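Only one structure is covered here, and it is reproduced in the block below.
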Amino acid sequence: MILQCGRHALDLSRPKIMGIINVTPDSFFDGGQFFSASPGKLNIDSVLAAAENMIAAGADILDVGGESTRPGARVVSVAEECDRVLPVVEVLENQFDVPISVDTSTPEVITACAELGAGLINDVRALERPGAIEAFLATGLPVCLMHMRGSPKTMQHNPHYRDVVSEVSTYLQSRVDVLRGASGDACPQILLDPGFGFGKSDDHNLALMKEIHVLCDLGLPVLVGVSRKSMIGRLLEREPHERLAGSLAFAMVALYNGASILRVHDVAETNDIVKVFNLTRFGQKE
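Counting from 1, position 41 in the sequence shown corresponds to residue 215 in my numbering; the numbering is continuous, with no gaps.
Here is the structure:
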C-alpha cells in the first residue's frame, strides 16, 4: 500500500519508523525537553536538532504532539495546543523532506496543521471529538484511528474487557465505518492503532500484541506505539530510561505479527531491528 501523506508517499510494503516529537512539558518520557528555562518557551532550535537526528537515523515520518496523553494527563486548551504545535509543524515542513504527522484530536489543530503542510492526522480519540470528522475530511489527508477506553485522565482506572482483542477490533471497525459513511465517495486512507496502554491492563496489552494480526485482517495498515511505555516498566521492573531493550523486543514482535509503522522515541536502534526484520522476512535491508 502507498500511503499518500500530502506531497509525500510512503510505501508500506516494508515497515516504516515514526519518530516522536512531543512538544509538551509533561509527557511521560521526554516531556519538557524542547522547552527553555523561560517558563513555557518552546525552543525551536532544539526541535530542529532532534528532528534532523531522527531523520538521519532512519525516521520515515515525524509525529508532532502538543497534548500529553499519558495516564492522568490534563486536557490542554485549543490555544495552548496551537501555540505548541503550529510553529513546529511549519518549521519541520519547511526544513525537511519527510511527512509530518500531527498527534491531535482537536478540529482547529487538524485544520491549521493541514494548511501548514502536515501529511497525516494521528488521533488517539479516533475522531470522536465534535467537529473532528468534518475538519479531518476537509484536509484530504490520511488518518490513524486509535482505540482508547475512557480518557487519558481516567483510562487506567481498572480497565475491563470480556475479550480485549475482539472489542478493540470491533471498535476500530466501527470508527472506520463511521468515517467512510461520512466521506461518501472520497474515502480517506486509514491506519489503525490498538492503543497499547490506553485503557488497558498489562494482560490486555500482551493479548493485543500477540494478536495484532486480527487487526491486520481488517485490511488496513496497523501502527504500533509501545516505546518506553509503563507496561514495559511494570513487566520488566524498569524506569523509563531503562526501557530501550523492552521497547525493541516488543517492536520486533509487532513487526512479525503484521505491524506496518512503529511509533518510537529511539529511531536509530529501531532502524537496526527493522533492518534485521527485513533481512529475515524479505532477504533485504530495505
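The C-beta atom is built at its ideal place from N, Cα and C for all residues, glycine as well. The structure presented is a predicted model; accordingly, all values stated were derived computationally and were not measured.
Residue i by DSSP, collapsed to three states: which one?
i: residue 217; result: coil
i: residue 331; result: coil
i: residue 347; result: helix
i: residue 404; result: helix
i: residue 298; result: coil
i: residue 257; result: helix
i: residue 272; result: coil
i: residue 205; result: Residue placement at residue 205 is flagged as unreliable, the pLDDT there being 48, under the threshold of 50; a coordinate-derived value is accordingly withheld.
i: residue 250; result: coil
i: residue 397; result: strand
i: residue 234; result: coil
i: residue 239; result: strand
i: residue 446; result: helix
i: residue 377; result: helix
Alpha carbon to alpha carbon, how far is residue i from residue j?
i: residue 261; j: residue 241; result: 15 Å
i: residue 458; j: residue 449; result: 8 Å
i: residue 440; j: residue 413; result: 15 Å
i: residue 258; j: residue 270; result: 19 Å
i: residue 431; j: residue 311; result: 30 Å
i: residue 391; j: residue 398; result: 15 Å
i: residue 336; j: residue 264; result: 44 Å
i: residue 402; j: residue 285; result: 30 Å
i: residue 444; j: residue 438; result: 8 Å
i: residue 320; j: residue 379; result: 14 Å
i: residue 205; j: residue 245; result: Low confidence applies to residue 205: its pLDDT is 48, below 50, so where it sits in the model is not reliable enough to give any reading.
i: residue 362; j: residue 199; result: 33 Å
i: residue 133; j: residue 350; result: Any property of residue 133 remains undetermined from this structure, which presents the chain solely from 175 to 460.
i: residue 277; j: residue 333; result: 23 Å
i: residue 395; j: residue 254; result: 32 Å
i: residue 421; j: residue 400; result: 6 Å
i: residue 418; j: residue 266; result: 26 Å
i: residue 177; j: residue 393; result: 14 Å
i: residue 250; j: residue 306; result: 16 Å
i: residue 410; j: residue 416; result: 10 Å
i: residue 175; j: residue 456; result: 16 Å
Along the chain, where does the alpha helix (DSSP H) that runs through residue i open and close?
i: residue 426; result: 418-430
i: residue 179; result: Looking at the DSSP string, residue 179 is not in any alpha helix (DSSP H); the run it does join, the beta strand (DSSP E), is 176-179.
i: residue 385; result: It is not in any alpha helix (DSSP H) - residue 385 carries neither H nor E in the DSSP assignment.
i: residue 281; result: 281-289
i: residue 310; result: 306-311
As a quick exercise: from the options, pick the residue whose alpha carbon is nearest that of residue i.
i: residue 424; options: 452, 339, 386, 327; result: 386
i: residue 272; options: 359, 256, 367, 233; result: 233
i: residue 388; options: 376, 221, 347; result: 347
i: residue 323; options: 316, 298, 308, 363; result: 298
i: residue 229; options: 356, 339, 453, 442; result: 442
i: residue 454; options: 433, 249, 429; result: 429
i: residue 301; options: 253, 343, 356, 341; result: 356
i: residue 382; options: 365, 364, 340, 408; result: 340
i: residue 433; options: 280, 365, 250; result: 365
i: residue 231; options: 360, 326, 407, 190; result: 190
i: residue 451; options: 182, 188, 184; result: 188
i: residue 223; options: 305, 360, 195, 252; result: 195
Among residues of its own chain, excluding the 5 on either side of residue i, which ones have a beta-carbon nearer than 8 Å to its beta-carbon?
i: residue 275; result: 179, 192, 235, 236, 237, 238, 292, 293, 294, 295, 296, 318
i: residue 331; result: 324
Please report the residue range of the beta strand (DSSP E) in which residue i lies.
i: residue 438; result: 435-438
i: residue 131; result: Past the edges of the chain, shown from 175 to 460, lies residue 131, and the structure says nothing about it.
i: residue 337; result: Note, residue 337: premise wrong, no beta strand (DSSP E); not H, not E.
i: residue 190; result: 190-196
i: residue 318; result: 317-320
i: residue 365; result: 364-367
Can you name, in chain order, every residue of its own chain whose Cβ lies under 6 Å from the Cβ of residue i, other than the five neighbours on each side?
i: residue 426; result: 447
i: residue 367; result: 318, 320, 397
i: residue 373; result: 322, 323, 324, 329, 333
Which same chain residues, not among the five before or five after residue i, have their C-beta less than 7 Å away from its C-beta?
i: residue 123; result: The chain is shown only over 175 to 460; residue 123 falls outside these bounds and no answer can be derived.
i: residue 405; result: 370, 371, 376, 379
i: residue 345; result: 321
i: residue 288; result: 313, 315
The ligand GTP heavy atoms versus the CB of residue i: any closer than 6 Å?
i: residue 235; result: No copy of the ligand GTP appears in this structure; indeed no ligand is present at all.
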